[in-house]
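Undergrad: Numbered by our numbering, the letters in the sequence shown go through residues 5 to 339 in order. In this text, a Cβ means the ideal position worked out from N, Cα and C, and glycines have one as well. Note that the coordinates shown come from a computational prediction; the quantities given were computed from them, not determined experimentally.
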Amino acid sequence: MADFVKRFKANKLAYYSFLLLSFIFIFTLFAEFIANDKPIFVYKDSRFYFPIFYDYAEVDFGGEFLNYIDYSDPYFTDLTKDSIVIWPLIPYSYDTIIYDLPYPPPIAPNAIHLLGTDDQGRDLLARLIYGIRISLLFGFISSFFSILFGIFYGAISGYYGGKIDLLSQRFIEIWASMPILFLIIILSSFIAPTFFIILLFVILFSWMGLSLLVRAEFLRIRNFDYIKASKALGVSDFGIIFRHILPNAFVSVTTYFPFIIAGSIATLTSLDFLGFGLPVHYASLGEILNQGKENLASPHIGITGFIALSVILSLLVFIGDGVRNSVDKSRSING
Numbered sequence: 005m006a007d008f009v010k011r012f013k014a015n016k017l018a019y020y021s022f023l024l025l026s027f028i029f030i031f032t033l034f035a036e037f038i039a040n041d042k043p044i045f046v047y048k049d050s051r052f053y054f055p056i057f058y059d060y061a062e063v064d065f066g067g068e069f070l071n072y073i074d075y076s077d078p079y080f081t082d083l084t085k086d087s088i089v090i091w092p093l094i095p096y097s098y099d100t101i102i103y104d105l106p107y108p109p110p111i112a113p114n115a116i117h118l119l120g121t122d123d124q125g126r127d128l129l130a131r132l133i134y135g136i137r138i139s140l141l142f143g144f145i146s147s148f149f150s151i152l153f154g155i156f157y158g159a160i161s162g163y164y165g166g167k168i169d170l171l172s173q174r175f176i177e178i179w180a181s182m183p184i185l186f187l188i189i190i191l192s193s194f195i196a197p198t199f200f201i202i203l204l205f206v207i208l209f210s211w212m213g214l215s216l217l218v219r220a221e222f223l224r225i226r227n228f229d230y231i232k233a234s235k236a237l238g239v240s241d242f243g244i245i246f247r248h249i250l251p252n253a254f255v256s257v258t259t260y261f262p263f264i265i266a267g268s269i270a271t272l273t274s275l276d277f278l279g280f281g282l283p284v285h286y287a288s289l290g291e292i293l294n295q296g297k298e299n300l301a302s303p304h305i306g307i308t309g310f311i312a313l314s315v316i317l318s319l320l321v322f323i324g325d326g327v328r329n330s331v332d333k334s335r336s337i338n339g
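#1: Below 8 Å CB to CB, which residues in the same chain sit around Ile231 once its five sequence neighbours on both sides are set aside?
#2: Nearest-angstrom Cα distance between Ile94 and Ser147?
#3: Extract the residue ranges of the beta strand (DSSP E) inside the stretch 39-106, only unbroken runs of 3 or more that lie entirely within it.
#4: What do you get for Phe322, buried or exposed, if any count of 16 or more other CB atoms within 10 angstroms of its CB means buried?
#5: Only counting the same chain, and skipping five residues up and downstream in sequence, which positions put a Cβ closer than 6 Å to that of Lys297?
#6: Does DSSP classify Glu229 as helix, strand or coil?
#7: Buried or exposed for Lys235, please, with buried defined as at least 16 other CB atoms from any protein chain shown within 10 angstroms of its CB.
#8: Just checking my contact of Gly279 with Asn299 at CB under 8 Å: how many whole Å lie between their CB atoms?
#9: In this structure, does DSSP put Asp122 in helix, strand or coil?
#10: Can at least three beta-carbon pairs, one atom from the stretch 34-46 and one from the stretch 67-77, be found at a separation below 8 Å?
#11: List in chain order: all unbroken alpha helix (DSSP H) runs of 4+ residues lying wholly within the stretch 124-207.
#12: Excluding sequence positions up to five away, which residues of its chain have a Cβ less than 8 Å from the Cβ of Phe199?
#13: Comparing alpha-carbon positions, which option in Ile188, Gly326, Thr308 lies nearest Leu132?
#14: Can you tell me whether Phe228 is buried or exposed? The criterion is at least 16 other CB atoms within 10 Å of its CB, across all chains shown.
#15: Please name the residue in Leu289, Trp91, Val331 whose C-alpha comes closest to that of Leu140.
#16: Quick check on Leu216: buried or exposed, where buried means 16 or more other Cβ atoms within 10 Å of its Cβ?
#17: Looking only at its own chain, which residues have a Cβ that is under 6 Å from the Cβ of Trp91, when we skip the five neighbours before and after it?
#18: Return the residue from the list Phe57, Arg51, Tyr53 that minimises the CA-CA distance to Phe37.
#19: From the DSSP output, in three-state form, read off Leu237 for me.
#20: Helix, strand or coil: which one does DSSP assign to Phe242?
#21: Cα separation between Gly339 and Phe246?
#22: Roughly how many angstroms lie between the CA atoms of Phe12 and Gly306, to the nearest whole one?
#23: Thinking C-beta only, is Ile176 closer than 8 Å to Met212?
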């Protein structure tokens with residue numbers, strides 16, 4: 005493991021790509037504290053309020069009504085003029101519609117809206133932060149479960165071989181022939197697609213490539229002498245698979261992980277771009293790209309989405325390439 009880390013750090017492009025992607029992911033995890041139309045903290049009349057976590061009524065701040073307060077209303081400013089109010093860096097959430105724009109949206113980038121607004125009057129930088137977060141979370145979650153299922157399927161198929169392997173490979177050939185994008189498009193015609201429905205469909209189709217790699221590794225190792233000796237000593241199949249063979253197949257799993265993430269993000273972006281992905285109220289990179297296509301006279305929208313998606317996918321490819329080179333012991337640490 006230590007040698008792997010040294011090799012990975014020696015690959016400067018992959019190492020700094022990993023650091024940058026980690027920073028982006030951690031930064032976007034706290035999107036509510038960075039871009040929100042609610043204050044993070046309010047101190048008024050010796051009481052502490054956390055609007056970012058709880059919904060408060062006007063009467064809680066000394067108002068007259070029981071309805072939830074609009075923090076962008078000047079009335080809230082008057083109620084808290086002698087109080088401590090801490091706002092996020094960007095006072096807009098991903099779904100905040102800005103009504104006091106100088107002219108109809110979309111607005112070009114300016115000092116207030118650094119990336120401009122979309123055609124609905126929503127701050128593009130805020131939507132980008134939330135969109136990157138949901139894309140990365142989607143990629144990580146789908147990749148994690150795809151790897152678990154791919155390892156299980158490939159291990160069983162490769163270890164036992166014979167009819168089990170034959171039937172499992174015929175199933176993969178049939179399953180892989182189904183176009184995932186078309187299936188989700190058909191599904192969306194009678195079921196409203198949600199984050200978890202799309203996630204489930206992507207998981208169901210993204211495990212096959214990894215399972216083939218794990219299967220090949222199990223077919224290669226299962227006839228080694230130490231595996232035969234383990235069987236002769238009475239070691240269970242479960243013990244042989246997880247203690248003796250799987251650690252050797254873990255190399256394939258490690259190198260494949262970043263590329264599965266990139267493929268999952270690309271699939272989600274494609275669906276959102278075509279209008280068959282997440283609901284319209286979600287912020288996503290595909291929706292930003294779709295708005296860029298619909299508003300060619302406002303190129304800042306399309307450019308923002310294109311650069312964001314290109315950077316994320318490029319970082320994942322660089323990391324995957326660095327991991328693959330790091331597990332190759334034939335390469336020296338210096339290059």
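TA: A quick look at the data gives this:
#1: Here residue 231 is taken as the residue at index 227 of the sequence shown, counted from 1. Taken in chain order, the residues that qualify are Ile225, Ile244, His248, Ile249.
#2: Start at 1 with the first residue of the sequence shown, and residue 94 comes out as number 90. Start at 1 with the first residue of the sequence shown, and residue 147 comes out as number 143. The straight-line gap from Cα to Cα measures roughly 31 Å.
#3: 45-48, 51-53, 88-90
#4: The residue you call residue 322 lines up with position 318 of the sequence shown. Buried: at least 16 other Cβ atoms inside 10 Å.
#5: Here residue 297 is taken as the residue at index 293 of the sequence shown, counted from 1. There are no such residues.
#6: As a working mapping, residue 229 is identified with position 225 in the sequence shown. The amino acid occupying residue 229 in the given sequence is Asp; Glu does not appear at that position. Residue state, collapsed to three classes: helix.
#7: On the sequence shown, residue 235 is found 231 positions in, with the first residue counted as 1. The residue is exposed, with fewer than 16 neighbouring Cβ atoms inside 10 Å.
#8: As a position in the sequence shown, residue 279 is number 275, starting the count at 1. As a position in the sequence shown, residue 299 is number 295, starting the count at 1. That pair is no contact at about 15 Å.
#9: One-based indexing of the sequence shown puts residue 122 at position 118. DSSP places Asp122 outside both helix and strand once states are collapsed to three, so it counts as coil.
#10: With a cut-off of 8 Å, the stretch 67-77 and the stretch 34-46 count as touching, because enough Cβ pairs lie within range.
#11: Secondary structure remark: continuous alpha helix (DSSP H) runs of at least 4 residues inside the stretch 124-207, in chain order: 128-164, 166-180, 184-191.
#12: Counted from its first residue, the sequence shown places residue 199 at position 195. Excluding its 5 nearest sequence neighbours in each direction, Phe199 has C-beta neighbours in its own chain below 8 Å: Ile138, Phe142, Leu282, Tyr286, listed in chain order.
#13: Here residue 132 corresponds to residue number 128 of the sequence shown, with the count starting at 1. Checking every option, the nearest Cα to that of Leu132 belongs to Thr308.
#14: Mapped onto the sequence shown, residue 228 falls at position 224. It counts as exposed.
#15: The residue given as residue 140 occupies position 136 in the sequence shown. The shortest C-alpha separation from Leu140 is found at Leu289.
#16: Counted from its first residue, the sequence shown places residue 216 at position 212. Looking at its Cβ environment, which holds 16 or more other Cβ atoms inside 10 Å, Leu216 is buried.
#17: Residue mapping note: residue 91 aligns to position 87 of the sequence shown, counting from 1. Here the set comprises Pro43.
#18: Within the sequence shown, numbered from 1, the residue matching residue 37 stands at position 33. Nearest of Phe57, Arg51, Tyr53 to Phe37, Cα basis: Phe57.
#19: Locating residue 237 in the sequence shown gives position 233, where the first residue counts as 1. Three-state DSSP puts Leu237 in coil, outside helix and strand.
#20: Your numbering for residue 242 matches position 238 in the sequence shown. Helix.
#21: By one-based count along the sequence shown, residue 339 stands at place 335. By one-based count along the sequence shown, residue 246 stands at place 242. Low confidence applies to Gly339: its pLDDT is 47, below 50, so where it sits in the model is not reliable enough to give any reading.
#22: The count along the sequence shown starts at 1 and reaches residue 12 at position 8. The count along the sequence shown starts at 1 and reaches residue 306 at position 302. Looking at the two C-alpha atoms, the distance is approximately 34 Å.
#23: Sequence index remark: in the sequence shown, residue 212 carries index 208 (1-based). Sequence index remark: in the sequence shown, residue 176 carries index 172 (1-based). Yes; because the gap between Cβ atoms is below 8 Å, this pair is in contact.
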